[in-house]
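933 is the number of the first residue of the sequence shown in our numbering; add one for each residue after it.
Note that beta-carbon positions come from the ideal geometry of N, C-alpha and C, so glycine has one too.
Computed from a predicted structure; not experimentally measured.
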Amino acid sequence: MYGKNIETLKKENMNLADKIYIFDTTLRDGEQAPGVALTVDEKIQIAQKLDKLGVDKIEAGFPVSSNGERKAAKELNSLGLNATVLGLARSVQKDIDAVLDSGLDYIHTFIGTSPLHRDYKLKMSKEKVIETAVESVEYAKDHGLTVEFSAEDATRTEHDYLFDVYDAVVDAGADFLNVPDTVGVLIPVITKELITNLKERYTTPISVHFHNDFGLATANTLTAIECGADQAHVTVNGMGERTGNASLEELIVALHAAYNIDLNIDTTQLYSLSEFVGRITGIKMPVNKPIVGANAFAHESGIHVHGVLNNALTYEPISPELVGHSRRIVLGKHTGANAVKAKLEKYNIDLTEEQFQNVFDQIKALGDKGKTVTDDDLRAIAITEISSA
Ligand code: KIV
Ligand code: ZN
């Protein structure tokens, strides 16, 4: 692997936490992706796969929102998973009661703290927001729950006020402080300043929940981790509200390959998990999605295929096997002779020099018409060429 050794990183200018928790919210924020609704059974299947993968926490859903959500939380909790199962609640007593009714021991409770949320959604003063947050944390703690507190829209909240909110919920007993970038406006340099300040101020673990509106959710999450964040919220395939959340597979692989940080996650299951979740939710990944997209390890251009056939690392950052994916050589307009020869060899097709040139020309001609050539097409072209000799 090309990443620096973790000890080297620690010695340099990073402040990595000793333990980084992976908090998966596919079944809650992921399910909030427009058009997605999971049955209890589907939630169970996904949770079992997440547990097998090795995530630390699974947010089962939002128990107050429906009977199905409560049932899912209850059933997930009774599966005896290694991961901690938890539920979401607003800073409202009936929401917290629904989490308690589901038998969960861990709650993720939140209230909007930004001026936009205070003025236009909650219609609460700054003081009232703090009072409500504190009451809900105290209520949850009094009922024996582990409490993760989120200041919703934290990244558009006045910094001093955000600290007032976190100070108050820490005093009330919050066990984790989560920082949601609710509409994905963070950029890495601001993430660095914010998380560094929070880590300097609190001993309570800091968690991050970053949305992907500017395509920066994974980059910001990595920056937060560099600055000592103890936990990252992620979703399979980066599913979530609007453009989604930091993607589980991107974060895990970047930590593994670029930072040499291993989290006891079985990376070889990432591709099949992505496929499964894509099938169940109906949200298929674009072909160029990092790590799990169909083209993540596919090559067409002659120069790249030549390199890959000699040593795949010439044009791949990691091996596809690391994430349970596979390599594909695609034939088309940009194909070089090496790729065609390798395919013919794979199918035990022997051609004379002249036959090979004719087959190669036909592939290029099809490519020029905007077509790609499948392995079946290649075999058919080669066999026609042989039989016409
Ligand atoms: O993005 C967000 O702010 C959330 C909260 C519920 C934490 O998902
Ligand atoms: Zn969110």
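Beta-carbon proximity of residue i to residue j, cut-off 8 Å
i: V1224; j: H1257; result: yes
i: V1069; j: V1101; result: yes
i: A1065; j: V1024; result: no
i: E1232; j: H1188; result: no
i: A992; j: R960; result: yes
i: A979; j: L1008; result: yes
i: Y1093; j: T1045; result: yes
i: K1275; j: I1261; result: yes
i: V1115; j: G962; result: no
i: G986; j: I1197; result: yes
i: V1017; j: L1036; result: yes
i: K1003; j: V1031; result: no
i: I1250; j: V1185; result: yes
i: E1173; j: A965; result: yes
i: D988; j: I954; result: yes
i: A1299; j: G1264; result: Per the sequence shown, residue 1299 should be read as Gly rather than Ala. For G1299 and G1264, yes; Cβs fall inside 8 Å.
i: G1324; j: P995; result: For the chain, the structure presents residues 933 to 1321; residue 1324 sits outside this window and is missing.
i: T1087; j: D1113; result: yes
i: Q1287; j: A1321; result: yes
i: E1248; j: L1283; result: no
i: K984; j: Q1163; result: no
Buried/exposed call for residue i, threshold 16 Cβ in 10 Å
i: A1312; result: exposed
i: N1227; result: exposed
i: T1153; result: buried
i: E1080; result: buried
i: V1121; result: exposed
i: E1125; result: exposed
i: D1123; result: The sequence as given places Thr at residue 1123; Asp does not occur at that position. Answer is buried; the Cβ neighbour count reaches 16.
i: Q1289; result: exposed
i: K975; result: buried
i: A1015; result: buried
i: D1085; result: buried
i: F1315; result: Per the sequence shown, the amino acid found at residue 1315 is Ile instead of Phe. It is exposed - the Cβ of I1315 has fewer than 16 other Cβ atoms within 10 Å.
i: T940; result: exposed
i: E1001; result: buried
i: D950; result: exposed
Candidates the options: closest to residue i by CA position
i: L1109; options: A969, F1042 and H1091; result: F1042
i: I952; options: R1050, L1195, T1123 and I990; result: L1195
i: K1006; options: L985, L1077, D1033 and G1147; result: D1033
i: S1179; options: G1264, D1145, N999 and I1212; result: D1145
i: G1268; options: T1200, I1250, K1073 and I1235; result: I1235
i: D1074; options: I954, L948, T1199 and D1029; result: D1029
i: A1203; options: K981, V1117, E1317 and G1147; result: The sequence given here places Tyr at residue 1203; Ala does not occur at that position. For the residues K981, V1117, E1317 and G1147, the minimum Cα distance to Y1203 belongs to K981.
i: D1107; options: Q1287, D1113 and S1082; result: S1082
i: V1237; options: N1270, K1216 and G1214; result: N1270
i: L948; options: A1321, L1054, E1286 and I1193; result: I1193
i: G967; options: T1089, G1076, I1215 and K1053; result: I1215
i: L1130; options: D1308, N945, D1103 and F1095; result: F1095
i: Y1071; options: G1105, S1057, E1090 and T1175; result: G1105
i: I1281; options: Q977, L1054, K1058 and D1308; result: D1308
i: I990; options: S998, Q977 and G1000; result: Q977
Contacts around residue i, its chain only, beta-carbon distance under 8 Å, and the 5 residues preceding and following it disregarded
i: I1127; result: V1111, I1138, V1140, T1155, A1156, C1159, G1160 and A1161
i: E1182; result: T1150, G1170, P1222 and I1223
i: N1177; result: T957, D961, G962, H1141, F1142, H1143, N1144, A1149, H1165, V1166, T1167, G1170 and M1171
i: I1295; result: L1263, G1264, T1267, V1272, V1305, L1310 and I1313
i: S1010; result: G1035
i: D1103; result: V1066
i: N1134; result: Checking the displayed sequence, the identity of residue 1134 turns out to be Tyr instead of Asn. For Y1134, where only same-chain residues beyond five positions count, the Cβ hits under 8 Å are Y1098, V1102 and L1109.
i: G1076; result: D1037
Distance cut-off 7 Å: residue i Cβ against heavy atoms of ligand 4
i: P1252; result: Only ligand 1 and ligand 2 can be found as ligands here, which leaves ligand 4 out of the picture.
Residues near residue i by beta carbon distance below 7 Å, same chain, minus five either side
i: T1246; result: G1239 and V1240
i: F1292; result: A1269 and V1272
Nonlocal neighbours in the same chain, by C-beta distance under 6 Å from residue i, ignoring five residues either side
i: L1254; result: T1199
i: I1119; result: none
i: P1252; result: F1229, S1258 and R1259
i: G1302; result: none
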